[in-house]
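The structure appears right after this line, and notes come after that.
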Amino acid sequence: MSSLLKITDLHVSVADTPILKGVNLEIRQGEIHALMGPNGSGKSTLAYALAGHPNYSVTSGTIEIDGVNITELEADERARLGMFLAF
Numbered sequence: 771m772s773s774l775l776k777i778t779d780l781h782v783s784v785a786d787t788p789i790l791k792g793v794n795l796e797i798r799q800g801e802i803h804a805l806m807g808p809n810g811s812g813k814s815t816l817a818y819a820l821a822g823h824p825n826y827s828v829t830s831g832t833i834e835i836d837g838v839n840i841t842e843l844e845a846d847e848r849a850r851l852g853m854f855l856a857f
């Protein structure tokens, strides 16, 4: 089964401060995942980076949706592919 979301060696910084350092995650169709951890562990940073928030810089690694590399796409382009934040 192919991956709906694949994150490989993702490093993310905010204002030149490294927050995420080498995140790997693969989600396949039909799977459910929960991100859990203490405050300050990077959960929100990961969500904002996946959505393409401009204050969060992916310094290395890749983000793929259905095999399409979205790492360099703007937030609106990611949203059209189904990757966005909703509250």
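Positions 771 to 857 (my numbering) are the ones given, in order, by the sequence shown.
Where is the CB? At the ideal position from N, CA and C, for every residue including glycine.
Where residue i falls: helix, strand or coil (DSSP)
{"i": "Thr-815", "result": "helix"}
{"i": "Glu-847", "result": "helix"}
{"i": "Leu-780", "result": "strand"}
{"i": "Leu-820", "result": "helix"}
{"i": "Ser-772", "result": "coil"}
{"i": "Glu-801", "result": "coil"}
{"i": "Glu-834", "result": "strand"}
Proximity to residue i [Cα-Cα], best of the options
{"i": "Ser-786", "options": "Tyr-818, Gly-812, Thr-829", "result": "The residue you asked about is not Ser; residue 786 is Asp in the sequence shown. Per the Cα distances, Thr-829."}
Where the beta strand (DSSP E) through residue i begins and ends
{"i": "Gly-746", "result": "Lying before the first or after the last residue shown, residue 746 is absent from the chain, which here runs from 771 to 857."}
Near the ligand ATP: residue i beta-carbon under 6 Å from a heavy atom
{"i": "Met-853", "result": "By its list of ligands, the structure shown contains no ligand whatsoever, and the ligand ATP lies outside what it can speak to."}
Touch test, the segment 843-850 against the segment 810-824, Cβ-Cβ under 8 Å, three pairs minimum: yes
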